[in-house]
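What follows is one structure encoded as structure tokens, with my remarks underneath.
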Amino acid sequence: MARLSYAQASCSALHAAMQQDALVVALGEDVGRGGVFGQYRGLQQTFGAERVIDTPISEATIMGAAVGMALAGLRPVVEMRVVDFALCAMDEVVNQAAKARYMFGGQGRVPLVARMPIGLWQGSAAQHSQSLETWFAHIPGLVVVAPATPQDNCGLLAAAIACGDPVIYMEHKELWGLEEEVDAARVERLGVAAVRRAGSDVTLVTWSRTLHDALRAAEAAQAEGLSLEVIDLRTIWPWDRETVFASLRKTRRLLVAHEAVQVGGFGAEIAAVVAETLGVPVRRLGAPRIPVGYASSLEAVTRVTPEAILSVARELAKKPAR
Amino acid sequence: MARLSYAQASCSALHAAMQQDALVVALGEDVGRGGVFGQYRGLQQTFGAERVIDTPISEATIMGAAVGMALAGLRPVVEMRVVDFALCAMDEVVNQAAKARYMFGGQGRVPLVARMPIGLWQGSAAQHSQSLETWFAHIPGLVVVAPATPQDNCGLLAAAIACGDPVIYMEHKELWGLEEEVDAARVERLGVAAVRRAGSDVTLVTWSRTLHDALRAAEAAQAEGLSLEVIDLRTIWPWDRETVFASLRKTRRLLVAHEAVQVGGFGAEIAAVVAETLGVPVRRLGAPRIPVGYASSLEAVTRVTPEAILSVARELAKKPAR
Amino acid sequence: MSETAMSLAHAQALYRTMARIRAFENAAEEASKGGVAAFGASLAQAKVRGPLHLSTGQEAVAAGVCAQLRADDLLTSTHRGHGHSIAKGASIERMMCELFGRATGYNGGKGGSMHIADFSVGMLGANGVVAAGIPIAVGAAHALRVRGGGALVACFFGDGAINRGPFLEGLNWAGIHRLPVLFVCEDNRWSATTATGAMTAGEGALARAQAIGVPGLAVNGNDIFVVDAAAAALTAQIRAHGGPRFLHAVTYRIKGHVSVDAAGYRSHDEVARALEQDPLELAAIRIAAIGGVRAVLAAIDAEAQAEVAAAVAAADAAPSPPDAEAYTDIQDTGAGRWRD
Amino acid sequence: MSETAMSLAHAQALYRTMARIRAFENAAEEASKGGVAAFGASLAQAKVRGPLHLSTGQEAVAAGVCAQLRADDLLTSTHRGHGHSIAKGASIERMMCELFGRATGYNGGKGGSMHIADFSVGMLGANGVVAAGIPIAVGAAHALRVRGGGALVACFFGDGAINRGPFLEGLNWAGIHRLPVLFVCEDNRWSATTATGAMTAGEGALARAQAIGVPGLAVNGNDIFVVDAAAAALTAQIRAHGGPRFLHAVTYRIKGHVSVDAAGYRSHDEVARALEQDPLELAAIRIAAIGGVRAVLAAIDAEAQAEVAAAVAAADAAPSPPDAEAYTDIQDTGAGRWRD
Ligand SMILES: Cc1ncc(C[n+]2csc(CCOP(=O)(O)OP(=O)(O)O)c2C)c(N)n1
Ligand SMILES: Cc1ncc(C[n+]2csc(CCOP(=O)(O)OP(=O)(O)O)c2C)c(N)n1
Ligand SMILES: [Mg+2]
Ligand SMILES: [Mg+2]
């Protein structure tokens, strides 16, 4: 165990993977100097420039080359800086990485990890603040992962690299500095949620940075006698239906909270499945459907706060459980 | 009134818009020879190569240039051939077209229409068959339209061109040849659904090509005494909540059917809103989360058929209405 | 480089490759009649469904380049990929089965013409997106280098692709990393219904490549002797660790953009002139000049046609993939979660 | 082109533009301390939040190019867009208000530094995505032509941007349509923490442009006399309907990539050498050579600093946008439908 930041934790997982498997390579802009968030610190010194590959500002080709690398036997870890820039590589992600195995009838596979940090990043405005996890959940062939803690950013990255499928790996930009004790040897399983707090009145499903606000909301709720069970989904696709359903059998009420725009967000999928299957009351809380503004007052409007979560949870709790 | 195909109907609307407003231009690959689906036939001969602009195979720049044109006062209609190729222009759509007005504090606007045909197209396999309307519904700043009939492909395109917002305009590739009598003077209103068939047991919300299968399902349902009300959403964002809710107050049961992958599809949004708001039973039917295969047997697996729609509607009708 | 010496045996082998491609394309074209709806064609079914892009008339590029490739070299292709596949060694029967959408096809019926692939011979796939193969080739070359062994990647794309961003990005990438890639621009002068020249500024493909640091040659892509010699020279330079090279091969797309496209947008004259430069005819003349006899070539033609006819028969008789196959080879994580 | 004649008045006007940019950048830098979390910096709040990209040291490019622009010419910029805005005529006070996230800023606090824009002077916006301004400039030029009037578009981008696809696509587009665009590559030799040279194959920006059919000039971008003369020549060619032109201006990014970046990845030597080429110092020497006096420049400096100090004070006092402003200027169709 060591006290690591979220950035350091991912670095540690990547270091271990590269040490274990000579076919693992990392590529992206600025990775040779450690990456602008420090998540590649020291790796080029250790593994050399042939395996920790500095790239031009060529997102389409960074991703496309990773597909080629993977088809030819490597296991690339691709850095996109932020998901907003990954938009420059959508053909490569959606038409190539996600579909190659299928299109070619299983002749090739694309075991790559595409790191596309999401989320608000204080004062970064409309083009550097998006959370687009639901886009990738909608695309057959892709796995989508969104770690909320340093421990998970170690264990889930390790799992993502070990996975034979293309994994969209979404760190959160406002979590890079978050620290905790990390067991670097622990590899998580993809597709398994974590119950972060037990409760009995409402099941609160969330992921990424919103987990921390959800836990704050749950704390505040307890003070007023409302008991929230907080589930950190961790993997968005495939999401852990069993854990969520098990909780709902107890609480009979679902709230999904995420930082992404609520309209068409992944909360809609979970809410829809639960409504279709269990028929219990559901609610969602995501960002309003507006771009992220620069001024802190405007940016704040797009944040899903503990207060807002608590307020929706309260309303939901008033509904008769079905 | 004239008998027009879906392709001709859009051509007629574009022709009228270009005649009325010298600032309307069209641009894209092959538009000078009428477009590969014939939806630009004759326009370059009439309006010249400066207004019906042939472009290189440069999707990113076709879309980016359209943003620049719009910011500088034109009203471009942009041809992307199929939404799958528009993936090469996602930065331009999502970070530029959708956000420019907001980012710049209202100093500029982007009144463009981006045509991105969706859907299966017999034997076109994984990279030419996607339906990605939900992606754009999730992005603040965008309007999303999906016409299902020749009449609508005339009237909605006219409305999209007249609209001051960036509109993602999604025709369906298997509808190009569909014909009907079209009133070319009629301009539809964006955001307004059409009740295509009245019914009392289940509200069936759909759009694009699936409308036609939904109507077939409704016909078959009637024979067994099940009455489906079929609503063609026409505009995916903003969707016509009022019309859907009005129907649901009568039927108390919702089925959303669409050709897009069900997981994370726009049906989830509608189902979630309805579940949250009315609490009535909801069901969705979309494609399985698999890429579209080439062989007709494989492709067929991804089709949402009238039979499948009917079968889900039957199940749903058995649930007690709430 | 036009008066290159070549052994008769090699020349006839090249001719055979070209003849096999031609026969394949002709049969595929025939089987696609009534297929995909575009260019005014109907929605009726055909044995070969969907857009079918024929490389008829461009056979010398595929044959000449691939003759210089080793079994462990890799290849990325375009939407127009039959010739590349055949030249790299793919089985005509399994290809035809794929075009017919059969379980016995290379992709098990999942891909069809636009995604034809034979990884066993290093053919990493046709691609439905223009220029998409370029970054993939570059990455594959990176992998070849990391893994060792001295193989290279041949990367085919059309003249229209040089106006897409990945052309710049991919060549630059190969240039800075000095990767073993042979970029082959198959310049058939058309991009769908558009004359590429009118959409292309500057001196063209090779000048662009050179400015991005990738040297190369521009050649008559219809002359198999010339293509063969150029490919030999360039692959030798790449194998000598010279970094990426570029081959600009000028040819002509004899057929429409897709098989159902009558290509009424181009002049009869242009097509007639191009037909005079048919690469198989040219090769026959060249081969005669080095002592070959027509009868041998005629026999090769007949053999190729027989092979293709057998392939069509086999494809026709082969089973469609069962529905359950639609659900395989997607992803392992979350497999089975199709609608929730 | 180094010994260009220039009137003293013009030279001093250019110097003034540069001095105003420098003063602005220095003040913005100061106000950003403790800002965005990257490069190990903390999450603490600052008056100027988010990534702040300073053009300190690059003033001559913005000043020299924009001096040749008319009021009705348009301009697209990069993430490093303060200099371009000021040189095109934007108000320093409204810019500073925007950086402070105030309602009185150009974008009403919605954009900040990375999206600074002043459409009233034809400045169509800074952009947070590398190379994204290139296609936008090309489209704007298309609009200028369709609408008539003879104006042009100046399109700024960094040396890193020449490795992104839109560079190729946008230049090609401008080339085939002979659009009135002046492409300006502001080559400060770095792309964030990466030395651009190592990531760029071939002869560099101008050679690429020429190969794509866009002629131009490569100049010392730190010498305002040289930039001014080159921009004059190129804009004249464009205005004479000569089609697009390219200016490769070599300069240096004196500060880190963003204001909180200490730029420890580059050598002290390199930075020291660059500081000797400070464009304001160079300009002062050049101006002295044509008869200018230091005291006049010192007065210009002082004025610029006073103007900027007043802007900071105004920005500090200005109101933040009210929450309701978050919901305006998104889209008209469906406005108000924020969560359903
Ligand atoms: C990114 C993208 N844009 C558009 C298309 C549609 N399309 C398919 S082939 C083609 C023309 C390609 O021309 P070229 O690269 O010269 O290849 P050719 O067809 O001549 O072999 C076009 C525009 C596509 N497949 N991908
Ligand atoms: C498409 C994209 N990729 C990556 C980034 C992150 N990024 C911001 S500025 C920058 C460096 C740009 O270098 P250059 O074009 O030379 O401009 P400079 O910063 O030197 O002015 C990078 C990589 C981005 N903004 N957009
Ligand atoms: Mg071509
Ligand atoms: Mg730079």
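Respectively, the protein sequence lines represent chains A, B, C and D. Positions in the first sequence are counted from 1; adding 633 to them yields the numbering used here. Positions in the second sequence are counted from 1; adding 633 to them yields the numbering used here. Positions in the third sequence are counted from 1; adding 4 to them yields the numbering used here. Positions in the fourth sequence are counted from 1; adding 4 to them yields the numbering used here. Yeah, the Cβ is synthetic: ideal placement off N, Cα and C, and Gly gets one too. All of these numbers come straight from a predicted model, not from anything done at the bench.
query                                                                                                                    : result
Strand pairing of leucine 837/A, partner residues [DSSP]                                                                 : Val863/A and Leu888/A
Contained beta strand (DSSP E) runs [length at least 3] in the region 184-220 of chain C, N- to C-terminal order         : 185-191
7 Å Cβ cutoff, asparagine 167/D in contact with chain C                                                                  : yes
Top-ranked residue by Cα proximity to glycine 217/D, from Tyr110/C, Val142/C, Cys159/C and Ala211/C                      : Ala211/C
Same chain, Cβ closer than 6 Å to tyrosine 331/D, five either side skipped, listed in chain order                        : none
CA-to-CA distance, serine 95/D to glycine 774/B, given in whole angstroms                                                : 28 Å
Under 7 Å between C-beta atoms of threonine 80/D and isoleucine 166/D                                                    : no
Where tryptophan 870/B falls: helix, strand or coil (DSSP)                                                               : strand
Members of the region 109-120 of chain D that neighbour chain A once the beta carbon cut-off is set at 7 Å               : Gly113, Lys114, Gly115, Gly116, Met118 and His119
Contact with chain C by asparagine 131/D, beta-carbon distance below 7 Å                                                 : no
Proximity winner among Ala941/B, Val658/B, Ser764/B and Arg708/B, relative to serine 841/B (alpha-carbon distances)      : Ser764/B
Cβ distance (whole Å) where aspartate 717/B is taken to contact asparagine 728/A below 8 Å                               : 6 Å
Meets three-Cβ-pair contact criterion under 8 Å: the region 229-249 of chain C and the region 154-163 of chain C         : yes
4-residue-minimum alpha helix (DSSP H) runs that sit fully inside the region 674-743 of chain A, ordered along the chain : 676-680, 692-704, 716-719 and 733-736
Chain A contacts made by the region 707-724 of chain B, where a contact means CB separation under 9 Å                    : Asp717, Phe718, Ala719, Leu720, Cys721, Ala722, Met723 and Asp724
First and last residue of the uninterrupted beta strand (DSSP E) at threonine 80/C                                       : 78-80
Sufficient close CB pairs (3 or more, under 8 Å) joining the region 784-797 of chain A to the region 641-660 of chain A  : yes
Interface flag, asparagine 226/C vs chain D, CB-CB below 7 Å                                                             : no
Min CB distance glycine 2/C to chain B below 7 Å                                                                         : One cannot answer for residue 2/C here, as it falls past the ends of chain C, which runs 5 to 344.
Close Cβ partners of alanine 893/A (< 6 Å) along its chain, the five nearest in sequence each way excluded               : Ser764 and Gly919
Under 7 Å from the C-beta of alanine 770/A: neighbouring residues of chain B                                             : Val896 and Gly897
Beta-carbon neighbours of isoleucine 180/D, restricted to chain C and to distances below 8 Å                             : Ala202, Met203, Thr204 and Ala205
Isoleucine 334/C, DSSP secondary structure in three states                                                               : coil
Unbroken beta strand (DSSP E) run spanning tyrosine 639/A, endpoints                                                     : Run containing tyrosine 639/A: none in the beta strand (DSSP E); it sits in the alpha helix (DSSP H), 639-653.
Proximity below 7 Å, CB of alanine 747/B to CB of valine 711/B                                                           : yes
Amino acids of chain A, ordered along the chain, whose beta-carbon sits closer than 7 Å to that of arginine 916/B        : Glu909
Leucine 931/A: contacting residues in chain D (beta-carbon distance under 7 Å)                                           : Gly113, Lys114, Pro325, Glu329 and Ala330
Where phenylalanine 104/C falls: helix, strand or coil (DSSP)                                                            : coil
Beta-ladder partner(s) of tyrosine 802/B, from DSSP                                                                      : Arg748/B and Val778/B
Ligand 2 heavy atom lying under 6 Å from the CB of phenylalanine 769/B                                                   : no
Distance cut-off 6 Å: glycine 164/C Cβ against heavy atoms of ligand 3                                                   : yes
Cβ separation of leucine 148/D and leucine 186/D, assumed to be a contact under 8 Å, to the nearest whole Å              : Leucine 148/D to leucine 186/D, Cβ: 12 Å. No contact.
Proximal residues to threonine 938/A (C-beta, below 8 Å), its chain only, five neighbours per side dropped               : Asp846
Contact test: tryptophan 194/D Cβ vs ligand 4 heavy atom, cutoff 6 Å                                                     : yes
As assigned by DSSP and simplified to three states, the class of phenylalanine 250/C                                     : strand
Proximal residues to aspartate 76/C (C-beta, below 8 Å), its chain only, five neighbours per side dropped                : Gly126, Gly153 and Ala155
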